[in-house]
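Below: one structure, written as structure tokens.
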Amino acid sequence: MKTIALISTTGGAGRTMLTASLAVLLARLGREVVALDFDPQNMLGAWLGLDSLAGEGISRALTDASHAWHERTWRNDEGVLFVPHGQLTLDEAAASAARLAADPQWLARATGEIGLADTGIVLIDTPRYPSPHADHAARAADLVLCICAPEPAACATLVAHLAALRESCADVQLVVNRLNPAREMQRDVLAMLRVAAGAPVAQRIHLDAAMPESFARGGWLFDEAPHSQASHDLHGLAQHVDAWLPALTASEPS
Ligand SMILES: Nc1ncnc2c1ncn2[C@@H]1O[C@H](COP(=O)(O)OP(=O)(O)O)[C@@H](O)[C@H]1O
Ligand SMILES: [Mg+2]
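Here's what the structure looks like:
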């Protein structure tokens with residue numbers, strides 16, 4: 000079993016969209032998938048098919064040790080096992096952040112209890128980095144996918160935090176999202192990012208105005224517009240992750 004944290008240093012980078020899309024596309028490739036919402040915004044469930052924000056989830060175990068962290072899980076239509084974050088009051092949010100600060104291995108221990116096959120995958124959605132939740136996710140992960148828009152501010156904040164991320168997780172890969180080839184400035188920003196990060200961008204996802212519209216309809220861009228560039232990119236990212244995971248054997252579902 001491998002664990003991947005989707006992390007970014009700016010809001011709205013596409014962490015939740017990519018966590019949900021990867022969960023569904025990897026499940027369709029025959030992978031056992033757990034999608035874990037470790038973001039107090041609690042939005043991953045909306046992408047995975049819940050009609051309303053989940054009231055209870057992993058956060059309950061942070062504020063009340065008598066609850067098991069996996070007490071509330073859902074299996075969606077695509078077979079993805081989903082662990083919601085849950086809704087917290089301000090006091091509970093402060094208590095859960097304090098618990099995470101006091102016990103830096105909390106999430107790594109929790110994900111270590113998930114008994115997936117070797118070929119299974121846990122995907123963790125996170126709030127903006129740096130934050131206690133995102134820091135835990137990076138340290139629990141075998142791979143951090145660092146999501147970044149090809150914009151100067153997004154790249155500058157990512158570069159500022161990259162060393163800390165690489166200390167938390169040995170394998171940090173860059174994914175550029177919202178790429179718009181019509182904007183020449185983005186090419187320069189990408190070149191600067193490559194140099195500053197000292198690593199090539201592993202994957203690129205193009206901007207597609209239909210993406211939020213598909214979400215609003217409860218559908219997937221890769222089903223509604225399968226030949227679009229962004230759909231092609233999302234399949235490419237899923238295949239990249241699939242190739243990084245231990246190979247499925249013939250006896251496993253495909
Ligand atoms: N490549 C893209 N093209 C168009 N819209 C996108 C793209 N990626 C994400 N979005 C939209 O941007 C918004 C923010 O994405 P989200 O995944 O919630 O970001 P984050 O979780 O990093 O805050 C959503 O409405 C999503 O549909
Ligand atoms: Mg999000």
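Residue 0 is where the sequence shown starts when you use numbering that gives the first Met the number 0, and the numbers rise one by one after that.
We put the beta carbon where it would ideally sit given N, CA and C, even for glycine.
Predicted model, so just to flag it, every value in this text is computed and none were measured.
Report task. Please work out which residues of its chain come closer than 7 Å, Cβ to Cβ, to Ala96, disregarding the five sequence neighbours upstream and downstream, and give them in chain order. Result -> Within the sequence shown, the letter at position 97 stands for residue 96. Pro131, listed in sequence order.
Using a 10 Å radius around the Cβ and a threshold of 16 neighbouring Cβ atoms, would you call Leu226 buried or exposed? In the sequence shown, the residue the question calls residue 226 occupies position 227. According to the sequence displayed, residue 226 carries His and not Leu. By the neighbour-count rule (16 or more Cβ atoms within 10 Å), His226 is not buried but exposed.
*Collapsed DSSP secondary structure at His226 in the structure displayed*: Position 227 of the sequence shown, counted from the start, is the residue given in the question as residue 226. Of the three classes helix, strand and coil, the one that applies to His226 here is coil, per DSSP.
### Message
Which residues does DSSP list as the beta-bridge partners of Leu142?
### Response
Position 143 of the sequence shown, counting from 1, holds the residue named residue 142. BP columns for Leu142 point to Ile3.
| query | Using a threshold of 7 Å, is the CB atom of Arg14 nearer than that to any non-hydrogen atom of ligand 2? | reply | Counting from one through the sequence shown, the residue named residue 14 turns up at place 15. Yes, ligand 2 has a heavy atom inside 7 Å of this Cβ.
Determine the extent of the alpha helix (DSSP H) in which Gln185 is found, giving its start and end residues. Reading the sequence shown from its first residue, position 186 is the one you call residue 185. From DSSP, the alpha helix (DSSP H) with Gln185 extends over 183-196.
- Does DSSP classify Phe81 as helix, strand or coil? Counted from its first residue, the sequence shown places residue 81 at position 82. Looking at Phe81 - three-state DSSP - the assignment turns out to be strand.
Taking the beta carbon of Met184 as the centre, do at least 16 other beta carbons fall within 10 Å, making it buried, or is it exposed?
Locating residue 184 in the sequence shown gives position 185, where the first residue counts as 1. So Met184 ends up on the exposed side.
query = Quick one: does the C-beta of Ala208 sit closer than 7 Å to a heavy atom of ligand 1?
reply = Residue mapping note: residue 208 aligns to position 209 of the sequence shown, counting from 1. Under cutoff, so the answer is yes.
- Task: Check whether the stretch 103-120 touches the stretch 136-146, counting contact only when three or more Cβ pairs, one atom from each stretch, lie closer than 8 Å.
- Result: yes
Exercise. Report the rounded CA-to-CA distance for Leu157 versus Gly197, giving the unit in angstroms.
Key: Here residue 157 corresponds to residue number 158 of the sequence shown, with the count starting at 1. Here residue 197 corresponds to residue number 198 of the sequence shown, with the count starting at 1. Whole-angstrom Cα-Cα distance: 12 Å.
- Message: For Thr72 and Ala181, what's the separation of their Cα atoms in angstroms?
- Response: Residue mapping note: residue 72 aligns to position 73 of the sequence shown, counting from 1. Residue mapping note: residue 181 aligns to position 182 of the sequence shown, counting from 1. Each residue's Cα considered, the two are about 42 Å apart.
Name the DSSP beta bridge partners of Asn176, please? One-based indexing of the sequence shown puts residue 176 at position 177. For Asn176, which the question treats as bridged, DSSP gives the partners Ile204.
| message | For Ala246 and Ile57, I'd like the C-alpha separation in whole angstroms. | response | On the sequence shown, position 247 is the one that residue 246 refers to. On the sequence shown, position 58 is the one that residue 57 refers to. About 30 Å.
Notebook entry, point to check: How would you label Pro149, buried or exposed, when you count the other beta carbons within 10 angstroms and need 16 or more for buried?
Noted result: Reading the sequence shown from its first residue, position 150 is the one you call residue 149. With 16 or more neighbouring CB atoms inside 10 Å of its own CB, Pro149 falls in the buried class.
Roughly how many whole angstroms lie between the Cα atoms of Val188 and Ala153?
As a position in the sequence shown, residue 188 is number 189, starting the count at 1. As a position in the sequence shown, residue 153 is number 154, starting the count at 1. Taking the straight line from one Cα to the other gives about 10 Å.
Nonlocal neighbours in the same chain, by C-beta distance under 6 Å from Cys168, ignoring five residues either side: Here residue 168 refers to the residue found at position 169 of the sequence shown. Same-chain partners within the cutoff: Ala137, Ala140, Val143.
Exercise. Would you give the residue range spanned by the beta strand (DSSP E) that Ile120 belongs to?
Key: Residue mapping note: residue 120 aligns to position 121 of the sequence shown, counting from 1. Run containing Ile120: 120-124, per the beta strand (DSSP E) assignment.
C-alpha gap between Leu49 and Val194, whole angstroms = Residue 49 sits at position 50 when you count from the first residue of the sequence shown. Residue 194 sits at position 195 when you count from the first residue of the sequence shown. Whole-angstrom Cα-Cα distance: 41 Å.
**Asked** What whole-angstrom Cβ distance do Met210 and Met42 have, given they're in contact under 8 Å?
**Response** Here the question's residue 210 lines up with position 211 in the sequence shown. Here the question's residue 42 lines up with position 43 in the sequence shown. Incorrect: roughly 15 Å between the Cβ atoms, too far for contact.
Q. In its own chain, which residues sit with a C-beta less than 7 Å from the C-beta of Ala94, not counting the 5 before and 5 after it?
A. As a first step, residue 94 must be located in the sequence shown, where it is residue number 95. Contacts found: Thr62.
How many whole angstroms separate the CB atoms of Pro103 and Asp36, which I take to be in contact at a CB cut-off of 8 Å? Taking the first residue of the sequence shown as position 1, residue 103 is located at position 104. Taking the first residue of the sequence shown as position 1, residue 36 is located at position 37. Actually they are not in contact, since the Cβ atoms of Pro103 and Asp36 sit about 20 Å apart, beyond 8 Å.
Q | First through last residue of the alpha helix (DSSP H) which encompasses Ala162 | A | If you number the sequence shown from 1, residue 162 lands on position 163. That run of the alpha helix (DSSP H) goes 151-167.
Fill in: 6 Å Cβ shell around Leu192 - same chain, five flanking residues per side excluded
In the sequence shown, residue 192 corresponds to position 193, counting from 1. Cβ neighbours of Leu192 beyond the five flanking positions: Cys154.
Practice problem: Measure the alpha-carbon distance for Gln202 versus Gln86 and round it to whole angstroms. | Solution: Along the sequence shown, read from residue 1 onward, the residue named residue 202 stands at position 203. Along the sequence shown, read from residue 1 onward, the residue named residue 86 stands at position 87. Each residue's Cα considered, the two are about 33 Å apart.
task: Would you mind reading off the limits of the beta strand (DSSP E) that contains Asp36?
output: For the purposes of this step, residue 36 is taken as the residue at position 37 of the sequence shown. Residues 32-36.
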